[in-house]
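Undergrad: Questions regarding the structure given below will be posed in turn.
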Amino acid sequence: MSTTTWALAPSSGSPARTIDAPRGLAGVVVAETSIGDVLGQEGRYHYRGHDAVELARSGDFEVAWHLLVLGSVPDADAAARFRERIASLRALPDGVPEFVARTRDGSSGTTIDPLRGLQATLPVLAAARGARPLYDLDDDARVEEALAVAAAAPGILAAFHSGVRATDAPPLDGSRRGVVADYLLAVTGREPDARAVNALSAYLIATLDHGFNASTFTARVIASTGADMASCVVGGIGALSGPLHGGAPSRALDALDAVAESSTDRGGATTADIERYVRGELSSGRRLMGFGHAVYRTADPRSRLLRQIALDYGGPRVELALEYESVAERLLAEYKPGRDLHTNVEFYAAVVMEQCGIPREMFTPTFAMARIVGWTAHVLEQARDPKIIRPSSRYVA
Ligand code: ACO
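Residues -12 to 384 (our numbering) make up the sequence shown, in order.
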């Protein structure tokens, strides 16, 4: 077969004028948002003007959800109505629990982990709900889609993990457990105590949203095409799953395990054990999971919050984590001078989730359950802007 060979002149890009963006789009402002902001130099972030760490300390997941997606902190009546609305959206339409059960049990020839299970199930949920592209919906219908997808996610994740039928979860009528406590019950198999519910609520609220991170941007790119809400969220999950983004927390715990196992001291890992391990990682060019951030040039406020929660829980794991943090920060300063690398949200998130009884394979799914709320808020905002996101590339031979 013969083909035409093009003269390889440098591409001028398809629009008349192109601008070169820095690698990774770092520092490029690509949209305006009213959902929140990350002040990387100051080590602060907020949701619609409300300090996110303070919201996390107050611990009401549904109130924070209302703020992000509906735009305001609800009063008690509005919060109760919102809980009822979420409760009604948690029951999965016919066919969806069956799909989850079949996929989970491998009847289709393969078994998949809960996060991929959620990715596979959301389009099925969309079909069962008769969901349509955002392009074809008015704002109220889009909001209903946003709430439906985020309300269904925790039950689907728990069902993939433990076989709990999402529809068996008790209704959330305000007098019973909330979303967080139900999720903990479903994932751990035991009635959660108040300390675990508060700790997990704080973590989930603290991770609802965080600027134009890779997964939020992915969801917004899909939204800019007018696709349906589930498609936007499925794309966001794909981006989140990577180890450099939401896939880090289980690996952070693996590192603590590796240090503990390498120790020759019967009393537990020593500072020297940690230093040997961390030097090994850094000199092999590997990254320390749970350290560094694309935006923060000072301590990640989520890490400070979660460190305190982990400390309140106590236990040998926290002692090791604190020592690991101190050694790792010192060695990162030596190996990456001038970069100012600290723990990010994922390091102590791993410790806190373990303290709450969540198994390691559910760390990233649990993160996703929170971040879906943030993505849906961003998707709604993006869907109001009719401009498709379509950058250019430069062809190089
Ligand atoms: N361990 C070792 N080196 C690191 C780490 C780390 N955790 N983080 C950054 N560095 C290095 C980079 O390799 C780079 O080195 P180089 O200049 O020699 O190439 C230098 O420090 C500067 O990196 P940045 O440009 O600041 O980092 P970037 O913005 O590219 O990446 C990221 C940010 C992906 C979070 C990175 O710090 C990382 O890989 N961390 C480990 C994975 C992790 O914890 N991810 C969770 C992030 S939080 C979240 O997504 C919710």
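Beta carbons: idealized from backbone N, C-alpha and C, even for Gly.
Only a predicted model underlies this, so the values are computations on that prediction, with no experimental measurement involved.
Where does L195 fall in DSSP's three states?
TA: Translated into the one-based positions of the sequence shown, residue 195 becomes position 208. In the structure shown, L195 sits in coil (DSSP, three-state: anything other than H, G, I, E or B).
Undergrad: From this set, A88, R381, R164, which residue's C-alpha is nearest I73's C-alpha?
TA: To locate residue 73, count along the sequence shown from 1; it is residue 86. When each option's Cα is compared against that of I73, the closest is R164.
Undergrad: Out of curiosity, what's the CA-to-CA distance linking N200 and A355?
TA: Within the sequence shown, the letter at position 213 stands for residue 200. Within the sequence shown, the letter at position 368 stands for residue 355. Rounded to the nearest angstrom, the two C-alpha atoms are 13 angstroms apart.
Undergrad: The ligand ACO heavy atoms versus the CB of A78: any closer than 7 angstroms?
TA: The residue given as residue 78 occupies position 91 in the sequence shown. Because no heavy atom of the ligand ACO lies under 7 angstroms away, the Cβ of A78 does not count as near it: no.
Undergrad: May I have the straight-line CA-CA distance separating R31 from V17, to the nearest angstrom?
TA: Numbered from 1 along the sequence shown, position 44 holds the residue referred to as residue 31. Numbered from 1 along the sequence shown, position 30 holds the residue referred to as residue 17. Roughly 21 angstroms between the two C-alpha positions.
Undergrad: Give a single yes or no on whether H280 has its beta carbon closer than 7 angstroms to a heavy atom of the ligand ACO.
TA: For this step, residue 280 is matched to residue 293 along the sequence shown. Checking every heavy atom of the ligand ACO against the Cβ of H280, one is found closer than 7 angstroms.
Undergrad: May I ask you to check if the CB of K323 is nearer than 7 angstroms to at least one heavy atom of the ligand ACO?
TA: For the purposes of this step, residue 323 is taken as residue 336 along the sequence shown, with counting starting at 1. Under cutoff, so the answer is yes.
Undergrad: State whether the region 58 to 67 contacts the region 311 to 328, with contact taken as three or more CB pairs (one from each stretch) at a distance under 8 angstroms.
TA: No: fewer than three Cβ pairs fall under 8 angstroms.
Undergrad: Can you give the Cα-Cα distance for G176 and R89, rounded to whole angstroms?
TA: Here residue 176 corresponds to residue number 189 of the sequence shown, with the count starting at 1. Here residue 89 corresponds to residue number 102 of the sequence shown, with the count starting at 1. Approximately 21 angstroms between the Cα atoms of the pair.
Undergrad: Confirm the yes/no value for this check: CB of L292, any heavy atom of the ligand ACO, distance under 7 angstroms.
TA: Translated into positions along the sequence shown, residue 292 becomes position 305. False, no ligand heavy atom lies under 7 angstroms from that Cβ.
Undergrad: Straight-line CA distance for S162 to L26?
TA: Looking up residue 162 in the sequence shown gives position 175. Looking up residue 26 in the sequence shown gives position 39. Any reading at S162 must be qualified, since the residue scores a pLDDT of 41, below 50, and its modelled position is unreliable; the value itself is stated next. Answer to the nearest angstrom: the Cα atoms are 37 angstroms apart.
Undergrad: Return the residue from the list P80, A146, S290 that minimises the CA-CA distance to V118.
TA: To locate residue 118, count along the sequence shown from 1; it is residue 131. Looking at the sequence provided, one finds Ala at residue 118 rather than Val. It is P80 whose Cα lies nearest to the Cα of A118.
Undergrad: Pairs of beta-carbons, one from the region 224 to 233 and one from the region 188 to 206, closer than 8 angstroms: are there three or more?
TA: These segments touch.
Undergrad: For H148, which residues of its own chain have a beta-carbon under 7 angstroms away from its beta-carbon, when the five flanking residues on both sides are left out?
TA: Mapped onto the sequence shown, residue 148 falls at position 161. Result list for H148: P101, V174, M349, in chain order.
Undergrad: Compute the minimum distance between the beta carbon of A242 and the heavy atoms of the ligand ACO, and state whether it is under 7 angstroms.
TA: Working through the sequence shown from its first residue, we reach residue 242 at position 255. Outside the cutoff, so no.
Undergrad: Just the C-alpha distance for M216 and V83, rounded to the nearest angstrom, thanks.
TA: As a position in the sequence shown, residue 216 is number 229, starting the count at 1. As a position in the sequence shown, residue 83 is number 96, starting the count at 1. Computed Cα separation, rounded: 17 angstroms.
Undergrad: If I'm right that L109 touches V136 with Cβ under 8 angstroms, what's the distance once you round it to whole angstroms?
TA: In the sequence shown, residue 109 corresponds to position 122, counting from 1. In the sequence shown, residue 136 corresponds to position 149, counting from 1. Indeed they touch by this definition, with Cβ atoms about 6 angstroms apart.
Undergrad: Going straight from the alpha carbon of S59 to that of S250, what length do you get?
TA: Numbered from 1 along the sequence shown, position 72 holds the residue referred to as residue 59. Numbered from 1 along the sequence shown, position 263 holds the residue referred to as residue 250. If you take the alpha carbons of S59 and S250, they lie about 51 angstroms apart.
Undergrad: According to DSSP, which residues form a beta bridge with V25?
TA: By one-based count along the sequence shown, residue 25 stands at place 38. Paired residue(s): Y32.
Undergrad: Do A214 and W362 have their C-beta atoms within less than 8 angstroms of each other?
TA: As a position in the sequence shown, residue 214 is number 227, starting the count at 1. As a position in the sequence shown, residue 362 is number 375, starting the count at 1. Contact flag unset, no.
Undergrad: For S188, count the other beta carbons within 10 Å of its own beta carbon; 16 or more makes it buried, fewer makes it exposed. Which is it?
TA: Position 201 of the sequence shown holds residue 188. Classification for S188: buried.
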